[in-house]
Structure formats: C-alpha cells, structure tokens
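Encoded as structure tokens, the structure appears first; notes follow it.
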Amino acid sequence: MILTQPRIVSQHEAYRPLLELLNDVLVKPKEIAARYSYTEVHLANLRKNNRGWPFIKLDSGGVRYRLSEIIAAEVQNTAGPLTVDRVCLALAACKELSTEHRAIAQRHIRAAFETVPNPK
Numbered sequence: 091m092i093l094t095q096p097r098i099v100s101q102h103e104a105y106r107p108l109l110e111l112l113n114d115v116l117v118k119p120k121e122i123a124a125r126y127s128y129t130e131v132h133l134a135n136l137r138k139n140n141r142g143w144p145f146i147k148l149d150s151g152g153v154r155y156r157l158s159e160i161i162a163a164e165v166q167n168t169a170g171p172l173t174v175d176r177v178c179l180a181l182a183a184c185k186e187l188s189t190e191h192r193a194i195a196q197r198h199i200r201a202a203f204e205t206v207p208n209p210k
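Numbers in our numbering are just positions in the sequence shown, counted from 1, shifted up by 90.
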C-alpha cells in the first residue's frame, strides 16, 4: 500500500495543496485499470490481498479510489524519487510551452525547491 503522504510531500510543501485539493475526488476502478493497463479483476485481487492503493468501499458495494492517493503514488514513483532535475526535464519535454516559457517554469521550480537559503 502507498503512503497517503509520500516523503516528497513532507520535504516540499508545494505538493500539499494539490493533494489536499484532490482528496475528495474519487476515481472508479475502471479508470484506474485503463490508466495502468490493468484489468478490473487484477485491481480486485490487489484489494483482496491488501496491496495497491487504499480504496473506499461504498454502501452500494462499489469501490472508489481517492485521486490524491493515485497522484501521491505517481509522485512517490517506484522508479526513484521525484527530483527538481526530473521535473525540469519533464518541463523541457512539453511541446506546448515555448522555449522562453520552459525556461521561466524551470527557474521557478528550481527556486521553489531550493533547500539552501541564498546568502546576501
């Protein structure tokens, strides 16, 4: 099971508002299955074995996942931690942004996550 608040969130407060905003957004298993190329049966097996994402069992018998949990899992990422360099690399890959806008966004990200205060 994933943590409801991955380590990266506690290290960088910038993620907290997004996860809090999405906390009440619920996602159907069908949508999760489509996103990760799983079957709904596979998701049911994960739930049965207490693996995968935390879920909510509805009174009607249906199941929903909190979108904030899904995003937290993607931010946590089993392939490694989310770093400033990885975020900047992702921004560089955004074809919709002009070169100037990419540079502005990258500078903003680097400044927002700077851990060492700038001596003056």
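Note that CB positions come from ideal geometry on N, CA and C, so glycine has one too.
Count the CB pairs spanning the stretch 157 to 165 and the stretch 132 to 145 that are closer than 8 Å, and state whether there are at least three.
Contact holds: three or more Cβ-Cβ distances are below 8 Å.
Residue 155 (DSSP reduced to helix, strand or coil)
As a first step, residue 155 must be located in the sequence shown, where it is residue number 65. In the three-state reduction of the DSSP assignment, residue 155 falls in the strand class.
Does the Cβ-Cβ distance between residue 211 and residue 184 come in under 8 Å?
Residue 211 lies beyond the range of the chain shown here (91 to 210); nothing can be said about it.
Pick from 155, 135 and 115: whose alpha carbon is nearest that of residue 122?
Here residue 122 is taken as the residue at index 32 of the sequence shown, counted from 1. Residue 122 has its Cα closest to that of 155, out of 155, 135 and 115.
Is DSSP giving residue 147 helix, strand or coil here?
Taking the first residue of the sequence shown as 1, we reach residue 147 at position 57. If DSSP states are grouped into helix, strand and coil, residue 147 belongs with the strands.
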